[in-house]
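Just so you know, we're using the working numbering here: the sequence shown kicks off at 810 and counts up by one.
Think of the CB as a built atom: it goes at the ideal place given N, C-alpha and C, for glycine as much as any other residue.
Predicted model, so just to flag it, every value in this text is computed and none were measured.
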Amino acid sequence: MRRHTPRARRQRPRHRRGAQRGIALLVAILLVALCTVIAAAIAYENAMSARRGTATYAFDEALLVAQGAEALAAYGLRTVYQNDKKYIYAAQGWAKPVGPIEVVPGVMLEASLEDLQGRFNLNSLADREGNPDPVQVAAFSNLLQSVGLETKWVGYVIDWIDWNGAPSIPDGAEDTVYMGLTPAYRTANRYITSTSELLALPGFGRDRYLALAPYVAALPADGSVKVNICTAPGKVLDAYLGHPDFGS
810 MRRHTPRARR
820 QRPRHRRGAQ
830 RGIALLVAIL
840 LVALCTVIAA
850 AIAYENAMSA
860 RRGTATYAFD
870 EALLVAQGAE
880 ALAAYGLRTV
890 YQNDKKYIYA
900 AQGWAKPVGP
910 IEVVPGVMLE
920 ASLEDLQGRF
930 NLNSLADREG
940 NPDPVQVAAF
950 SNLLQSVGLE
960 TKWVGYVIDW
970 IDWNGAPSIP
980 DGAEDTVYMG
990 LTPAYRTANR
1000 YITSTSELLA
1010 LPGFGRDRYL
1020 ALAPYVAALP
1030 ADGSVKVNIC
1040 TAPGKVLDAY
1050 LGHPDFGS
């Protein structure tokens, strides 16, 4: 007869079960951390969406108010032109400021118009070939001195406009100067479209710009734009009246 001996039961080592419990705990912690990150990302995105919506609404509202002010200005100018086709002066209705008016709850409209023909036209200094206009050069030099700036900027502006590569004498700057700046750039070689281009002149700076900006404009340079002495500020008038060939 065969004697059957009972088989010994396999017992799993206790350290293996402990390791499994540790892995399960680690997985649970990772899941909680992942859920927390996802929840935070969703909350952040919702908050940013709300802020974007508010900003978009405010922008659209401001744009509509600005368009309304533009339409009001166009109406005023058209009315003035219908009444007087020959003269534009500051005593007319267009020069009266509007507002502040509450157009919608919490939004105020305040607007005013200024005749840019009463300012010095930077594009009148020279033609594209770099030939300076003596009358305009003298007037701009006078204007610069009247606001406490150096007259050398006349040459800088002319070189910014003209297409040739020869710097103005005695003061001026062409690409050879601008390419040595950091960052490097070139002269525009075209008429100025915004007076803020003066800030691109090397060494001009914000303080000089703020001193000069109220008296200059960037208007067409075809000779059809004359200075309106009826709306020009005193410094612009003085700048031109210092030259005997000035005519409006």
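1. To the nearest angstrom, how far is the alpha carbon of residue 930 from that of residue 1044?
2. Per DSSP, which residues does residue 917 bridge with? Please list them.
3. Tell me, to the nearest whole angstrom, how far the beta carbon of residue 932 is from that of residue 1030; I am working on the premise that it is less than 8 Å.
4. Where do the ends of the alpha helix (DSSP H) carrying residue 950 lie?
5. Can you tell me where the alpha helix (DSSP H) with residue 967 in it begins and where it stops?
6. Determine the DSSP secondary structure at residue 973, reduced to helix, strand or coil.
7. What's the C-alpha gap between residue 884 and residue 878?
8. Do residue 898 and residue 1039 have their beta-carbon atoms positioned less than 9 Å apart in this structure?
9. At what residues does the alpha helix (DSSP H) containing residue 1021 begin and finish?
10. Report the three-state DSSP secondary structure of residue 935 (helix, strand or coil).
11. Taking the C-alpha atoms as reference points, what is the distance between residue 988 and residue 1008?
12. In this structure, does DSSP put residue 1034 in helix, strand or coil?
13. At the level of alpha carbons, what is the spacing between residue 871 and residue 959?
14. Determine the extent of the alpha helix (DSSP H) in which residue 1051 is found, giving its start and end residues.
15. What does DSSP give as the partner residue(s) for residue 779 in the beta ladder?
16. Report the residue from 934, 951, 955, 938 whose alpha carbon sits nearest the alpha carbon of residue 945.
17. According to DSSP, is residue 995 part of a helix, a strand, or is it coil?
18. Measure the alpha-carbon distance for residue 886 versus residue 903 and round it to whole angstroms.
19. Would you kindly work out how many angstroms separate the C-alpha atoms of residue 865 and residue 990, rounded to a whole number?
So, to answer that:
1. 14 Å
2. 911
3. 4 Å
4. 943 to 955
5. 962 to 970
6. coil
7. 10 Å
8. yes
9. 1014 to 1021
10. strand
11. 16 Å
12. coil
13. 40 Å
14. Here residue 1051 belongs to no alpha helix (DSSP H), and DSSP marks it neither H nor E.
15. Past the boundaries of the shown model lies residue 779; the chain is included only from 810 to 1057, so the question cannot be answered.
16. 934
17. coil
18. 6 Å
19. 38 Å
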